[in-house]
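Encoded as structure tokens, the structure appears first; notes follow it.
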Amino acid sequence: MSARPGAKDYLKSLSSDLPASIVVFLVALPLCLGVALASNAPLFSGIIAGVVGGIVVGIASRSHLSVSGPAAGLTAIVAAALLTLPSFEAFLVAVVIAGVLQILFGFLKAGIVGDYVPNAVIKGMLAAIGLILILNQFPHLLGDDSHFETDEGVVQEKGNIFSNLVNAFAHITPVALLIGGVCLAFHFIWEKLVAGRKGFIRLVPAPLLVVLIGVGINFFFVNSGSNALKGEHLVIIPQAQSAGEFFSFFARPDWSQILTPQVWITGITIALVASLESLLSIEAIDDLDPYQRVTPTNRELKAQGLGNLVSGLLGGLPVTSVIVRSSANVNSGARTKMSTIYHGTLLLLCVALIPGLLNLIPKAALAAVLIFTGYKLAKPALFVAFYKKGMDQFIPFVVTIAAILATDLLKGVIIGIGVGLFFVIRSNFRSAVFVVNDNNKFLFRLRKDVSFLNKPIIKHKLEKVPEGSYVLIDASRADFIDKDIVETIEDFMIHAPLKQIRVELKLSGNKDQGFSKKLIESYSTDGHYTRTHDKQIKEVELQKQ
């Protein structure tokens with residue numbers, strides 16, 4: 002393994018970083034346009050976000066291999082915001098607010114928060130985003146590009162997704178369907194073709210090939226003189242004749258909307274979801290880093306916040322660290338963050354110098370890229386995998402998906418976390434007390450922290466002890482026992498003689514754990530039962546696990 006690159010190695014790493022940046026640029030270009038299309042935002046705003054994510058976040062971040070830009074994970078939020086807010090310029094205010102909040106999160110050292118969100122909820126969130134991408138982009142695949150945006154470029158109501166999908170079949174454009182179908186099929190075939198392979202073929206970005214195929218097919222119809230896609234069916238990036246005209250394309254935030262409640266709600270939602278997605282992406286990329294470098298998460302939140310602040314001011318979409326571009330960066334041999342910065346520079350040069358080439362891209366080809374992205378986020382195998390993990394994982398996963406589809410992303414995640422917490426509490430109910438019955442000789446072992454929430458199950462188990470039994474209550478391994486639990490156990494011990502039940506209590510050292518000294522003296526034991534049956538207890542514990 003080569004020496005770990007540092008700040009002074011940027012020039013030395015140029016031979017590795019520059020080729021990697023070209024690959025990342027080729028991956029990012031269609032995705033920047035595609036995410037903007039999926040969000041029903043101006044396509045130019047997707048490029049701006051890609052440039053800012055590459056250059057601004059790349060400079061501010063201490064991640065060596067992460068690449069930031071507009072993310073598929075935010076498309077649902079952006080589309081919904083453009084529906085509820087007065088204008089795209091009002092939405093830009095929300096992006097700026099999100100950036101400021103993320104910077105604040107960084108100073109508050111909130112980088113650790115991502116570790117507390119259940120994996121089932123995270124995967125459910127991503128799967129729901131995948132399904133939304135598929136549902137929203139399928140009409141574009143059919144060539145229905147005129148029934149999903151108003152003159153202001155905002156998406157229709159979420160409740161109309163399925164009706165729009167049905168209506169799209171009445172507005173099929175044959176050439177668009179051909180392009181979209183071929184591009185989507187190629188994407189799946191290419192994925193199978195490169196799976197497990199190494200070398201140059203793995204470095205060729207599938208999204209770029211898909212876009213080139215779409216352009217090629219449409220170019221064939223242009224030359225044939227009929228049925229070629231044009232107008233609303235193609236990408237439309239404004240072309241400037243001068244530097245002044247180019248800078249006029251940048252939208253500006255409408256600060257008159259700064260006090261609008263929905264603007265703040267959108268900003269908070271973007272800040273929370275973008276922060277979470279960035280933290281998850283950073284964790285994944287650090288695992289792939291051949292030099293095993295660790296990204297400071299609080300610094301990353303500040304960098305992402307700065308990126309969103311700048312992107313919002315310049316008229317761009319919100320940015321996050323993106324796993325697709327980042328993994329392409331790693332696989333292409335990048336060594337330092339200069340690869341990220343170079344890719345952002347290439348995006349800027351592309352939109353400034355050759356926007357005409359971008360305007361040759363059919364929207365159906367971009368839809369194919371996004372549908373495939375959605376499929377990867379919501380693979381059927383993912384549902385099977387969570388089902389096999391058990392209901393405590395599968396139910397929060399499915400509920401998160403259903404809640405997001407029924408409401409919105411933030412509410413859905415909150416509902417998913419709530420369901421996940423239910424299963425955590427339920428698990429604690431069961432694990433706080435362990436019971437072994439050997440021929441009416443019972444061992445009640447209290448483990449770790451036993452709170453008042455465990456009272457119902459402990460009381461129920463004690464009430465089921467039959468007459469004439471022997472009960473050893475082993476509290477020696479408990480760090481904390483709630484007063485309610487102590488009272489429940491003491492009540493059982495006091496009334497046990499009425500049912501000819503013999504009770505012994507085992508505590509740890511000199512700790513009384515809140516039990517009455519009189520009861521301790523009357524019912525204390527040296528733990529003979531626990532020692533002589535320790536092997537059986539371990540076997541039962543292993544079986545239950």
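Number 208 in this note's numbering belongs to position 207 of the sequence shown; there are no gaps in the numbering. We put the beta carbon where it would ideally sit given N, CA and C, even for glycine. If you're wondering where the values come from, they're calculated on a predicted model, not measured in any experiment.
In this structure F387 touches Q394 by the C-beta definition: roughly 5 Å separates them, less than 8 Å. In this chain, Y292 is not harboured by any beta strand (DSSP E), its DSSP state being neither H nor E. Here K338 carries a coil assignment [DSSP, helix/strand/coil].
When the beta-carbon positions are compared, V487 and S312 stay at least 8 Å from each other. No Cβ-Cβ contact shorter than 8 Å links Q305 with V323. Pairwise C-beta distances place the segment 101–121 in contact with the segment 278–289, as three or more of them are shorter than 8 Å. Take G334, set aside five residues on each side of it, and the residues of its chain with a beta-carbon closer than 8 Å to its own are S17, P20 and A21, in chain order.
In the three-state DSSP reduction, V205 falls in the coil class, being neither helix nor strand.
Our two residues, F187 and A272, have alpha carbons roughly 36 Å apart in a direct line. For I135, the uninterrupted alpha helix (DSSP H) run begins and ends at N120 to L143, by DSSP. A distance below 6 Å between beta-carbons, with the five flanking residues on each side excluded, links K460 to the following residues of its chain, in chain order: T489. The closest CA to that of V504, considering only K442, P291 and I78, is found on K442.
Taking C-beta atoms as the reference points, L447 and V466 fail to come closer than 8 Å. Collapsing the DSSP output to three states places L281 in a helix. In this structure N455 is buried. Its beta-carbon is surrounded by 16 or more other beta-carbon atoms within 10 angstroms. If you draw a straight line from the Cα of G421 to the Cα of A365, it comes to about 38 Å. For G70, the pairing in a beta bridge is given by DSSP as T321. In the assembly as shown, L93 is a buried residue. Its beta-carbon has 16 or more other beta-carbons within 10 Å. According to DSSP, residue pairing for A42 in a beta bridge does not occur. By the Cβ neighbour-count rule, K110 is exposed, with fewer than 16 other Cβ atoms within 10 Å of its own. When C-beta atoms of the segment 24–43 are compared with those of the segment 205–217, three or more pairs fall below 8 Å, so the two segments count as touching. In terms of CA proximity to I259, I98 leads the group G308, I98, L354 and F222.
Judged by DSSP secondary structure, N309 falls within the alpha helix (DSSP H) whose first and last residues are T298 to L315. In its chain, beyond the 5 residues on either side, I180, C184, I362, P363, A365 and A366 have a beta carbon closer than 7 Å to the beta carbon of G215. Taking a contact as a CB-CB distance under 8 Å, the pair A379 and L132 counts as one, their CB atoms being some 5 Å apart.
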